[in-house]
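The opening position of the sequence shown corresponds to residue 3 in this note's numbering, with each subsequent residue numbered one higher.
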Amino acid sequence: MIKGVLFDLDNTLVDFMRMKRLASEEAARAMMGAGADFGVDASTAGKRLFEHYLDHGIESDDAFLSFLGKYNQSRLSAGIAKQEAILAAGIQSYLRAKDVLLTPYPGVRRTLVELTRRGLKLGVVTDAPRLKGWQRLQALGIAEFFDVVITFHDSNVKKPDGRPFLMAVEGLGLRPFEVVMVGDWVEKDVQGARDAGLKTAWAQYGGRASGGDHGADATLQSIAELGGVLEQWKSA
Ligand SMILES: [Mg+2]
């Protein structure tokens, strides 16, 4: 009997990569508007910035500075003030775009409401830093649904290590086999949670496809399918 549901955050509840990609394009455009010269058009510069983020660590705080140091061809001729203006334009534009683009996948809120009404306890298990994880939950407007949120700074280890999952299960006051973990990343979310004794549902819509058998108890094409899956398990 399933009594609790744990969710991964990025690319499970929020389409994080889409936000980063589009916000990177906006930022590249703004930096060029402020005088940066990347030697390519804004769209290509945006793609490069996005890739730079991926290489640099998706949570990186100095990605803009290192990106400008590497790609801005006007930096040697421009003074410090000009360089600061370019950096500021990029960061501001990025933050503005991010605020608009950070929305839950379709059906997330409805699903959380439905699960809560059924009496299920809900939680989040994410490798995101604590403050950034909470910022994203607040921006999505769904923080109040969760009885427990385990971030990297709560467990100090990343998935697929079993500890974050077990901390969340304990936080819900449940046992591992009473809880299902929903996540997009097979190696981290599905295999990690399964090894820790939880049931698993792979959020295939999150786009981190993996070859072969992923071993999940269910596969979701959309988060809205989760309610039906839990009903099926109940009657099985
Ligand atoms: Mg994820």
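By construction, the Cβ of each residue, glycine as well, lies at the ideal position given by its N, Cα and C atoms. Everything numeric in this text was worked out from a predicted model, so none of it was measured.
Buried or exposed (CB count within 10 angstroms, at least 16 for buried), residue i
i    : result
R196 : buried
R31  : buried
D43  : exposed
V102 : exposed
A238 : exposed
G194 : buried
L97  : exposed
E28  : buried
S95  : buried
T46  : exposed
Heavy atom of ligand 1 within 6 Å of residue i beta-carbon
i    : result
N13  : yes
W235 : no
W187 : yes
D10  : yes
Sub-7 Å separation of residue i and residue j beta-carbons
i    : j    : result
L51  : S26  : yes
V182 : K201 : yes
V7   : L176 : no
A203 : A220 : yes
Where the alpha helix (DSSP H) through residue i begins and ends
i    : result
V102 : 82–103
G48  : 44–58
A170 : 164–174
G230 : 228–237
T259 : Summary: the structure shown does not reach residue 259, with the chain confined to residues 3 through 238, and so no result is reported for it.
G194 : 193–197
Extent of the continuous beta strand (DSSP E) to which residue i belongs
i    : result
K201 : 201–205
Task: Any 3 or more C-beta pairs closer than 8 Å across the stretch 167–176 and the stretch 144–152 - done: yes
- [ ] Taking 8 Å as the threshold, find out whether the stretch 5–24 comes into contact with the stretch 106–115 through three or more Cβ pairs.
- [x] By the C-beta criterion, the stretch 5–24 is judged to be in contact with the stretch 106–115, since at least 3 inter-stretch pairs fall below 8 Å.
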